[in-house]
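In the working numbering, the protein residues as written are 2 to 117.
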């Protein structure tokens, strides 16, 4: 794959990801407060549950089952939309707009092991 093809694939991956997650970016689990960690790794942060138990931030589940399911559904629907509409001109414009929002995001790396 050429460098240009890698660049295009990276842009498309960012745009599709933004389109999949844009509805979630306004929800409380991404818009809430982030704890302060003087240690920098959150090992010094604890939460207290409804029964008074303290749980280390690094050990607690920060998304409920329903929230995880909502994220999965948004991603599945976004990828499905992409697969159905990738050649649609209007969708292409939406992809360009999505990329503008995600242009500064960290670039993707392939997780598929390449065989030569």
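Don't be surprised by glycine CBs; every beta carbon is placed ideally from N, CA and C.
Please read all numbers here as calculations on a predicted model, not as lab measurements.
Candidates the options: closest to residue i by CA position
i	options	result
residue 72	37, 14, 27, 41	27
residue 104	17, 4, 46, 3	17
residue 98	23, 10, 5	23
residue 106	68, 5, 3, 15	15
Residues that residue i bridges to, as DSSP identifies them
i	result
residue 5	DSSP output for residue 5 lists no bridge partner at all.
residue 47	57
Opening and closing residue of the beta strand (DSSP E) in which residue i lies
i	result
residue 113	From DSSP, residue 113 is part of no beta strand (DSSP E); its letter is neither H nor E.
Three-way DSSP call (helix, strand, coil) for residue i in this model
i	result
residue 89	coil
residue 37	coil
residue 63	coil
residue 17	helix
Given 8 Å, three or more beta-carbon pairs between the segment 86-94 and the segment 36-44: no
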